[in-house]
Amino acid sequence: AQSVTQLGSHVSVSEGALVLLRCNYSSSVPPYLFWYVQYPNQGLQLLLKYTSAATLVKGINGFEAEFKKSETSFHLTKPSAHMSDAAEYFCAVSPNTGGFKTIFGAGTRLFVKA
Amino acid sequence: DTAVSQTPKYLVTQMGNDKSIKCEQNLGHDTMYWYKQDSKKFLKIMFSYNNKELIINETVPNRFSPKSPDKAHLNLHINSLELGDSAVYFCASSQGPLGGDTQYFGPGTRLTVL
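Pasting the structure below:
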């Protein structure tokens, strides 16, 4: 069974600092991996996804994530945090060998301090 | 134009009542989903339909009954509401049911059962 673990339910950074949100997955074969963002009182929207092409994936709003098979990780980074990045971030995994279900991590709340 | 819309946005009701939430997508997608997000932001899939056919039916009380009258609509009816049903319910859609397909989420329906 596939699973995804997000390390840290809350992350706080200063404006302009590096953002690093951690995600580790469990899967017998490399799956599809996603990062979604949820702003307050809104639905989730896709930031980026890994579908077995390039291991470094660039997304919207300056975010990127690197797929590391050896570490079973898909951490999300952004070089310089902006106040508008404050939101809940979800890592998600879904199979690439059939099956339809996407499993979401528990989420990481990002706080950005002025 | 709103891609995935849900009505109502807020729903406050008494225990034991029956209520419905409606979802519509104008993206031309074949697959639609219902998710439940609890107070700790944990997101769990409930149901998924592909071309009006049920393909995911998680361990959900049978008080919850989804209905897909056509590919663009997926409604959720809940009978005999309980306190534990209080949550935010998200509808989502994707091009198809494949694991790599991006899901597009509606704004959510906040259900409060008193």
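Chains A and B are the protein sequences, given in the same order.
Under the working numbering, the first sequence is numbered contiguously, ending at residue 114.
Under the working numbering, the second sequence is numbered contiguously, ending at residue 1114.
Note that CB positions come from ideal geometry on N, CA and C, so glycine has one too.
On a predicted model such as this, the values are computed, not experimentally measured, just so you know.
Short CB-CB distance (under 8 Å) between residue i and chain A
| i | result |
| --- | --- |
| P1107(B) | yes |
| K1041(B) | yes |
| I1045(B) | yes |
| I1056(B) | yes |
Contact set between residue i and chain B, taken where Cβ atoms lie within less than 9 Å
| i | result |
| --- | --- |
| Q45(A) | Y1104, F1105 |
Interface partners of residue i on chain B, CB under 7 Å
| i | result |
| --- | --- |
| T51(A) | G1100 |
| K101(A) | I1045, I1056 |
Neighbour list for residue i in chain A, Cβ cutoff strictly below 9 Å
| i | result |
| --- | --- |
| F1064(B) | Per Cβ cutoff of 9 Å: no residues; F1064(B) is ~17 Å from chain A at best. |
| I1078(B) | By Cβ distance, chain A contributes nothing, its closest Cβ being about 19 Å from I1078(B), past 9 Å. |
CB contact flag (residue i, residue j, <8 Å)
| i | j | result |
| --- | --- | --- |
| L110(A) | A92(A) | no |
| M1046(B) | W1034(B) | yes |
| K1052(B) | S1068(B) | yes |
| Y32(A) | N96(A) | yes |
| M1032(B) | L1074(B) | yes |
| Y1089(B) | A1003(B) | no |
| T108(A) | V19(A) | no |
| Q1025(B) | S1080(B) | no |
| L48(A) | E64(A) | yes |
| A81(A) | G16(A) | yes |
| I1078(B) | D1070(B) | no |
| I103(A) | Q2(A) | yes |
| F30(A) | K69(A) | Checking the sequence shown, residue 30(A) turns out to be Pro, not Phe. Yes. |
| K113(A) | S9(A) | no |
| E88(A) | K1041(B) | yes |
8 Å Cβ cutoff, residue i in contact with chain B
| i | result |
| --- | --- |
| S94(A) | yes |
| G107(A) | yes |
| Q42(A) | yes |
| F104(A) | yes |
| E88(A) | yes |
8 Å Cβ cut-off: residues of chain B touching residue i
| i | result |
| --- | --- |
| P31(A) | G1099 |
Quiz item: Should the segment 69-79 of chain A be regarded as contacting the segment 19-35 of chain A, the criterion being three or more beta carbon pairs within less than 8 Å?
Solution: yes
Quiz item: Just checking, does the segment 1102-1114 of chain B make contact with the segment 1018-1033 of chain B on the three C-beta pairs under 8 Å criterion?
Solution: yes
Quiz prompt | Within the segment 82-107 of chain A, ranges of the beta strand (DSSP E) (whole runs, at least 3 residues) | solution = 87-94
Exercise. Quick one: which unbroken alpha helix (DSSP H) runs of 4-plus residues sit fully inside the segment 38-88 of chain A? Chain order, please.
Key: none
Quiz item: Hey, which unbroken runs of the beta strand (DSSP E) at 3 residues or more fall wholly within the segment 1053-1080 of chain B?
Solution: As far as the segment 1053-1080 of chain B is concerned, its whole beta strand (DSSP E) runs of at least 3 residues are 1053-1057, 1064-1070, 1073-1078.
Quiz item: Can you list, in chain order, the stretches of the beta strand (DSSP E) that have 3 or more residues and sit fully within the segment 1086-1110 of chain B?
Solution: Listed in chain order, they are 1087-1094.
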